[in-house]
Amino acid sequence: MRTFRLLPALGLLLALTACAHPGTTETDRQADTLATAIGYPRQSDAAGFARAALATSLGRSADFAVLVAREVPHGLDPMEQTAHLVIRIHEDAREPSGIFGSRKPALDACYELNFNYYGIIGKPERTPCPKDAKPYTPPPLPVYWKLPPDAGDKLMALLRGLPAAPVAEDVVATMRKELAVPAPGSPEAPFQGVQAKVVGADVGVAAWSGRGESLNCVMAVRKAGNVRTYGLSWRETRTGEGGPGCSPETALGG
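The sequence shown lines up with residues -20 to -1, 1 to 234 when you count with mature numbering (1 follows the signal peptide of the UniProt record, and there is no 0).
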């Protein structure tokens, strides 16, 4: 029976231990707000979460630092943890506001933030600040090629200038030149493509850059002598969403 009586006391001890790390109601609120804010748009890695944190109003202040940004091995389950961050929020010392007030010393409050595909897991938890920790600086984002704003106009001009029975390979080569598409395999071009399909005198073309939620697609078609661009909704450009996808076949079928 005594063992059972000790259990509530043990739980209280653990709770008190968790609250023993430096922090205030205000730093708790700041950590919680930041964790929610950087959970979406979704980040592909821990460095992405760190980048997002440092881009917030709190993150841009001298009182904030990311100390740890670590990948967590995971499988395909979106609920599994993917990234771990430790952040630090500094509060300066505060002088008493009145006769009966007391001076509040400066403090550094550190928090663990754990993320999965959907964002923050639970709530940020106070944690001891790592000894001799230096602020983490995430690597810069890679610069990838993007479709030019006038890609649609260029594709229509290209189609109007084609011979009556063009060769698909020649159309693709011209598209790459007109749109200044980087050569396959270059650091700028991991997520881009151009395609063309010729059916008699009809020609469908598609060009895209990016992937996932940042995918940008432009299609155009020459059909029965008429030339026009072909538009799809964001969802329709993704074949996995049940749409026809970004392809010359889609343009020809429209």
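Heads up, the beta-carbon is just placed ideally off N, CA and C, and yes, glycines get one too.
Just so it is clear, the structure is predicted and the values come from calculations on it, not from any experiment.
Exercise for review: Ignore the nearest five residues each way along the sequence and tell me which others in Leu(-7)'s own chain have a CB closer than 8 Å to its CB.
Suggested key: In this prediction, Leu(-7) scores a pLDDT of 42, lower than 50, which makes its location untrustworthy; no coordinate-derived value is stated.
**Study point:** Residues of its chain near Gly234, where Cβ-Cβ distance is below 6 Å and the 5 sequence neighbours each way are ignored
**Key:** Tyr210
Check your understanding: In three-state terms, what does DSSP make of Thr16?
Key -> helix
Review point. Just reading off the alpha helix (DSSP H) that Leu135 is part of, what are its end residues?
Key: Ala131 to Arg140
Check your understanding: Along the chain, where does the beta strand (DSSP E) that runs through Glu105 open and close?
Key -> Glu105 to Thr107
Practice item. Express the C-alpha separation of Pro122 and Val178 in angstroms, rounding to a whole number. Key: 35 Å
**Study point:** CB contact flag (Glu75, Glu92, <8 Å)
**Key:** no
Exercise for review: Measure the alpha-carbon distance for Asn94 versus Pro146 and round it to whole angstroms.
Suggested key: 55 Å
Practice item. Just mark Tyr116 as buried or exposed, buried being the case when its beta carbon has 16 or more other beta carbons within 10 Å. Key: buried
Review point. Should Ala89 be labelled buried (16 or more other beta-carbon atoms within 10 Å of its own) or exposed?
Key: buried
Review point. If you draw a straight line from the alpha carbon of residue 235 to that of Arg208, how long is it in whole angstroms?
Key: The displayed coordinates of the chain run from -20 to 234. Any statement about residue 235 would go beyond what the structure contains.
**Study point:** Cutoff 6 Å; reference His70; Cβ partners in own chain excluding five residues on either side
**Key:** Asp43 and Asp88
Check your understanding: Cα separation between Arg140 and Arg156?
Key -> 16 Å
**Study point:** Nearest to Val183 (by Cα), restricted to the options Pro108, Thr230 and Gly225
**Key:** Thr230
Review point. Excluding five sequence neighbours on each side, which residues of the same chain lie with their C-beta closer than 7 Å to the C-beta of Ser41?
Key: none
Check your understanding: For Met155, which of helix, strand or coil comes out of DSSP?
Key -> helix
Check your understanding: Straight-line CA distance for Ile101 to Gln61?
Key -> 8 Å
Practice item. Could you check which residue in Cys197, Arg68 and Leu195 has the C-alpha nearest to that of His1? Key: Arg68
Check your understanding: How many angstroms separate the CA atom of Pro53 from the CA atom of Pro110?
Key -> 22 Å
Review point. How many whole angstroms separate the CB atoms of Pro119 and Ala176, which I take to be in contact at a CB cut-off of 8 Å?
Key: About 36 Å separates the two Cβ atoms, so there is no contact after all.
Exercise for review: With a threshold of 7 Å, establish whether the CB of Gln172 neighbours any heavy atom of the ligand COA.
Suggested key: In the structure on display, the ligand COA does not appear, and there are no ligands present to speak of.
Exercise for review: Assign Asp88 to one of three DSSP states: helix, strand, or coil.
Suggested key: strand
Practice item. Could you check which residue in Ser166, Val185, Thr36 and Ala113 has the C-alpha nearest to that of Asp150? Key: Val185
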